[in-house]
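Down below is the structure, laid out as structure tokens.
There are 2 protein chains.
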Amino acid sequence: MPQITFWFEFASTYSYLSAMRIQDAAKNAGIDIEWKPFLLGPIFKAQGWESSPFNLYRAKGFYMVRDIERIAASRGFPFRMPVPFPQNGVQAARLALVGIEQGWGPAFVHSVYWAQFAEGLNISERETLSKALTVAGANVEDAFAQAESAEIKSRLRSNTGEAQAKGIFGAPSFLTPDGELFWGDDRLESSILWVTGPRGPVLK
Amino acid sequence: MPQITFWFEFASTYSYLSAMRIQDAAKNAGIDIEWKPFLLGPIFKAQGWESSPFNLYRAKGFYMVRDIERIAASRGFPFRMPVPFPQNGVQAARLALVGIEQGWGPAFVHSVYWAQFAEGLNISERETLSKALTVAGANVEDAFAQAESAEIKSRLRSNTGEAQAKGIFGAPSFLTPDGELFWGDDRLESSILWVTGPRGPVLK
């Protein structure tokens with residue numbers, strides 16, 4: 000089956016838009032999704048940003064909120080900006096890595112995004128994460144324990160390093176097996192078309 | 000007729016994508032386009048950038064080139080990065096303002112973008128601009144003379160100030176009469192839908 004890799008950061012507003020629809024989109028297109036949580040913080044830091052560009056550049060941040068409000072409304076789901084923004088998604092990302100191994104990853108990811116951007120909850124809080132784990136069908140205590148393992152911590156660091164090495168600078172990003180990078184929720188369809196064809200003029 | 004304002008900067012790669020298709024898109028949708036050249040330089044400078052973000056952030060710049068290559072190819076037209084990038088589009092913008100008054104503005108804008116991003120010419124050179132003026136049906140000498148007038152210079156400064164006041168931080172941007180801002184070539188359709196309806200859930 001054709002595949003794309005879905006690189007997501009839990010604090011990212013546009014990743015929420017994609018997380019809400021990528022499973023249906025993949026099913027409809029007959030493709031597989033590889034789920035890859037990573038952290039944007041170290042990537043932003045490496046280019047001199049100490050926070051989200053939506054905080055650093057006010058006009059851009061103001062626009063982003065309205066842009067997502069409009070898109071979410073047109074797709075029939077809610078959106079609210081979490082407080083604080085950006086949230087700390089490190090533990091959620093580690094849990095997602097556990098879930099991806101155990102099969103409840105996608106449901107957990109969906110549930111964490113929903114908690115943050117639809118319900119306005121704080122995803123760095125254990126209560127929020129416990130609820131998402133329960134919804135996803137995970138063993139809550141076991142998941143938290145595994146998320147603290149050296150192996151999982153190292154995998155998240157390694158995902159982030161891999162993202163940076165592959166030229167990823169924002170989220171969501173979609174990467175095809177032949178190395179084509181697509182950035183932003185509005186490029187999800189293009190990335191799917193890339194692996195399913197027809198592709199139009201060949202660019203290789 | 001419904002209307003959107005097309006805010007464009009001649010040095011902007013994504014503005015090229017929109018300039019190539021906005022007239023057809025507007026005609027098909029039955030809407031008017033108000034053409035508004037402005038300068039991104041002062042807006043970038045105000046947020047601490049001394050060049051294009053595509054130069055300042057390498058991964059982003061690298062991605063942008065590939066993204067536009069793919070989009071241009073899928074739409075059946077060429078794309079090449081101009082040297083130098085970003086180009087100085089001040090004189091082109093002043094000439095566009097003259098043309099917008101005299102009726103040859105859209106043809107001139109189209110021609111300048113084509114010269115820069117399809118033919119790889121330098122749009123700060125008089126020869127390139129003269130050719131675009133001729134193609135657009137302008138009186139070349141008269142256009143250059145008027146572009147140097149205090150009134151036109153002041154109008155370009157005022158457009159740039161207006162863009163900034165309206166929260167515009169990049170190009171292309173599309174603004175509706177009721178104040179909805181859409182940023183990026185990939186939001187052209189959304190901006191047209193906003194003024195023509197149906198709009199889906201009302202967001203006011």
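Keeping their order, the protein sequence lines are chains A and B.
Position 57 of the first sequence, counted from 1, bears residue number 56 in numbering that gives the first Met the number 0, the numbering being contiguous throughout.
Position 69 of the second sequence, counted from 1, bears residue number 68 in numbering that gives the first Met the number 0, the numbering being contiguous throughout.
Ideal Cβ placement from N, Cα and C applies to all residues, glycine included.
- The C-beta of A:Pro83 has fewer than 16 other C-beta atoms within 10 Å across all chains shown, which makes the residue exposed.
- The straight-line gap separating the alpha-carbon atoms of B:Arg79 and A:Tyr13 is approximately 29 Å.
- If you draw a straight line from the Cα of A:Leu192 to the Cα of A:Ala149, it is about 38 Å long.
- Under the three-state reduction of DSSP output, B:Glu118 falls in the coil class, being neither helix nor strand.
- Taking a C-beta distance under 8 Å as the contact criterion, A:Ala10 and A:Gln86 qualify as a contact pair.
- A:Gly102 has a beta carbon lying at 8 Å or more from every beta carbon in chain B.
- Contact between B:Pro81 and B:Gln115 is confirmed by a C-beta separation of about 5 Å, below the 8 Å threshold.
- Boundaries of the beta strand (DSSP E) around B:Lys35: Asp31 to Pro36.
- For B:Phe5, there is no enclosing alpha helix (DSSP H); the residue is part of the beta strand (DSSP E) that begins and ends at Gln2 to Phe7.
- Between the alpha carbons of A:Ala45 and B:Leu132 lies a gap of roughly 45 Å.
- Here A:Lys35 is buried. Its C-beta has 16 or more other C-beta atoms within 10 Å.
- Using a CB distance cut-off of 8 Å, A:Leu16 does not count as an interface residue toward chain B.
- Annotation: B:Gly160 has no Cβ neighbours in chain A at a cutoff of 9 Å; minimum Cβ distance is about 14 Å.
- At the C-beta level, A:Pro176 and A:Gln2 come within 8 Å of one another.
- The beta-carbon distance between A:Leu187 and A:Phe173, rounded to whole angstroms, is 6 Å. This is short enough to meet the 8 Å contact definition.
- Interface with chain B (8 Å Cβ-Cβ cutoff): A:Tyr62 is included.
- Runs of the alpha helix (DSSP H) lying entirely within the region 108-176 of chain A and spanning at least 4 residues, in chain order: 125-135, 139-146 and 149-164.
- Under the 8 Å criterion on CB atoms, B:Ala28 is classed as non-interfacial with respect to chain A.
- Contact of A:Gly166 with chain B is assigned, a C-beta pair being separated by under 8 Å.
- Taking the Cβ atoms as the reference, B:Val111 lies roughly 6 Å from B:Ile122, within the contact range of under 8 Å.
- B:Ala146 places its beta carbon 8 Å or farther from that of B:Arg69.
- Contact check for A:Glu33 against A:Phe5 passes: the beta carbons are separated by less than 8 Å.
- Buried is the label assigned to B:Ser17, since at least 16 other Cβ atoms lie within 10 Å of its Cβ.
- Beyond the five residues adjoining it in sequence on each side, B:Lys59 comes within less than 7 Å, by CB distance, of Pro52 and Phe53 in the same chain, given in chain order.
- When only Cα atoms are considered, B:Gly102 and B:Ala95 end up about 10 Å apart.
- With distances taken between CA atoms, A:Ala137 lies nearest to A:Gly104 out of A:Gly104, A:Phe43, A:Gly119 and A:Ala162.
- In the three-state DSSP reduction, A:Trp193 falls in the helix class (H, G or I).
- Between A:Ala135 and A:Ala106, the beta carbon gap of about 4 Å places them in contact (Cβ cut-off 8 Å).
- Looking from the CA of B:Arg74, the closest CA among B:Gly119, B:Arg20 and B:Gly88 belongs to B:Arg20.
- For B:Tyr13, not one C-beta of chain A is nearer than 8 Å to its own C-beta.
- Assignment of A:Leu187 by DSSP, reduced to helix, strand and coil, places it in the helix class.
- For the pair A:Ile42 and A:Phe168, the CB atoms are nearer than the 8 Å cut-off.
- Judged by beta-carbon spacing, B:Gly29 lies within the 8 Å limit of B:Met0, meaning their Cβ atoms are closer than that value.
- Taking 7 Å as the upper bound on Cβ-Cβ separation, chain B lies near residues Gln46, Tyr56, Ala58 and Lys59 of the region 28-59 of chain A.
- Using beta-carbon distances, A:Leu180 counts as an interface residue toward chain B, with a partner under 8 Å.
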